[in-house]
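Below is one structure, written out as structure tokens; the observations come after it.
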Amino acid sequence: MQMRLNTLKKKVFIEICGDEVTYEVTITNNSGSILDSNSLIEVKFPEGIVYVDNTLSAGFSVDTSNYNNPIFSVNSMVNPNEEVVMQFNGLAQCSSYNLIVQICKSKMIKY
5 MQMRLNTLKK
15 KVFIEICGDE
25 VTYEVTITNN
35 SGSILDSNSL
45 IEVKFPEGIV
55 YVDNTLSAGF
65 SVDTSNYNNP
75 IFSVNSMVNP
85 NEEVVMQFNG
95 LAQCSSYNLI
105 VQICKSKMIK
115 Y
């Protein structure tokens with residue numbers, strides 16, 4: 005089954021230890037089959053960035069057994085050639101600063 009995800013129409017900047025950022029994902033069903041709650045959308049945030057509870061737009065469900073890697077599903081059917089938009093918030097935890105420092109050191113980048 006194929007579907008197209010347009011994850012970012014514009015760059016999203018997220019501030020470490022800052023405010024939540026809203027992500028918008030447009031899901032286009034170009035599979036020729038109906039998408040249902042068995043169709044999963046897995047988001048892998050960089051280390052230190054997590055999904056924020058209770059920010060998911062209506063019409064979707066989320067498995068937050070791993071906040072760094074939430075798994076979303078649609079609650080109702082998405083017909084072929086139909087688009088739905090999903091929104092949710094992410095937050096860069098203060099601990100993500102340590103990861104950036106490690107990456108910079110490993111690549112000999114001044115920070």
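Add 4 to a position in the sequence shown, counting from 1, and you land on the number used in the working numbering.
Every residue, glycine too, gets a C-beta built ideally from N, C-alpha and C.
Note that the structure is a prediction, hence the values are computed from the model and not measured.
Own chain, CB closer than 6 Å to residue i, minus 5 neighbours either side, in chain order
i, result
"S69", "none"
"S77", "S41, L44, S65"
"D67", "I75"
"V88", "I31, V82"
Same chain only: Cβ atoms within 8 Å of residue i, ignoring 5 sequence neighbours per side
i, result
"E24", "V56, T59, N93, G94, L95"
"G81", "As written in the sequence, residue 81 is Met, which differs from the Gly given in the question. Around M81: I38, L39, D40."
"I53", "I18, N72, G94, L95, A96, Q97, S100"
"K48", "N72, N73"
Beta bridge counterpart(s) of residue i as assigned by DSSP
i, result
"E24", "In DSSP, E24 forms no bridge with anything."
"E46", "I75"
"S65", "S77"
"L39", "V82"
Residue i - containing beta strand (DSSP E), residue span
i, result
"A96", "87-96"
"I53", "53-55"
8 Å contact criterion, which residue i and residue j should meet: CB distance rounded
i, j, result
"E51", "N72", "7 Å"
Neighbourhood of residue i by C-beta, 7 Å cutoff - its chain only, sequence neighbours within 5 removed
i, result
"K109", "none"
"E86", "N33"
"I20", "A96, C98, S100, Y101"
"N83", "N33, I38"
Between the stretch 56-70 and the stretch 88-98, do at least 3 Cβ pairs fall closer than 8 Å?
-> yes
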